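The sequence shown begins at 903 in this note's numbering and counts up one residue at a time.
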Amino acid sequence: MPQFDPATFSPQIIWLVISFSILYIAMSRIALPRIGVVIEERRHKIDENLKKAAELQKDAKAASEAYEKTLVAARAESQNLLRRSREKTTLESSRRHDELGVRLFAEVKTAEEKIGDAKKEALTHVRGIAVEVALSAAAKLFGENPDSKAVADAVTAAMEDRS
């Protein structure tokens, strides 16, 4: 193999130095600066993304706090609305109950008056009927007609004792 021949070592070493020098210059002037730029751009982009993430996290935390405050306010408002609605319903129910009580009291009063009037009318008729029955019974039993005023007074007295 010619590369292991000691007579060809010096030209091989010269070509080795030339090849590595060209490779070193190409890497240091072309490839490595480009790689460095790409790495720096990536680092810069990562830093920007981290800053953005921190800002977004702050915004999300602020939005969450605002949401919680709004939620607490909405709950308080809904409870207040429910309480007012309950009070309004209670007042309306109480008012209707009172109106119904007044109306029923008036109807009962009217019914009692009608019953009283009907009772008086019935008693008036009963009194007349009782006087007629007493006069007719006395006439048939005793054979004489009693005094109608005395019979009417007796019937009236008997009716007053019963009521």
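All C-beta atoms, glycine included, are put in the ideal place defined by N, C-alpha and C. Computed from a prediction, not measured in an experiment: that's the story for all the values here.
- Apart from the five residues on each side of it in sequence, which residues of its chain come closer than 8 angstroms, Cβ to Cβ, to SER1050? Counting only Cβ-Cβ distances below 8 angstroms, and skipping sequence neighbours, we find VAL1033 and LEU1037.
- Task: Assign VAL919 to buried or exposed, taking buried as 16 or more other Cβ atoms, counted over all protein chains shown, within 10 Å of its Cβ.
- Result: So VAL919 ends up on the exposed side.
- Message: I need the DSSP call for GLY938, collapsed to helix, strand or coil.
- Response: Of the three classes helix, strand and coil, the one that applies to GLY938 here is helix, per DSSP.
- With C-beta atoms as the reference, is ALA1040 less than 7 angstroms away from PRO1048? Closer than 7 angstroms, so yes.
- Task: Pull up the distance between the alpha-carbon of ALA968 and that of LEU984, whole angstroms please.
- Result: If you take the alpha carbons of ALA968 and LEU984, they lie about 24 angstroms apart.
- Query: With 16 as the cutoff for other CB atoms within 10 Å, does VAL1057 come out buried or exposed?
  - Reply: The residue in question, VAL1057, is buried, as its Cβ has 16 or more Cβ neighbours within 10 Å.
- Taking buried to mean at least 16 other C-beta atoms within 10 Å of its own C-beta, is VAL1035 buried or exposed? So VAL1035 ends up on the exposed side.
- Query: What residues in its chain sit with their C-beta under 6 angstroms from that of ALA1054, if we drop five residues either side in the sequence?
  - Reply: Closer than 6 angstroms at Cβ, skipping near neighbours: VAL1033.
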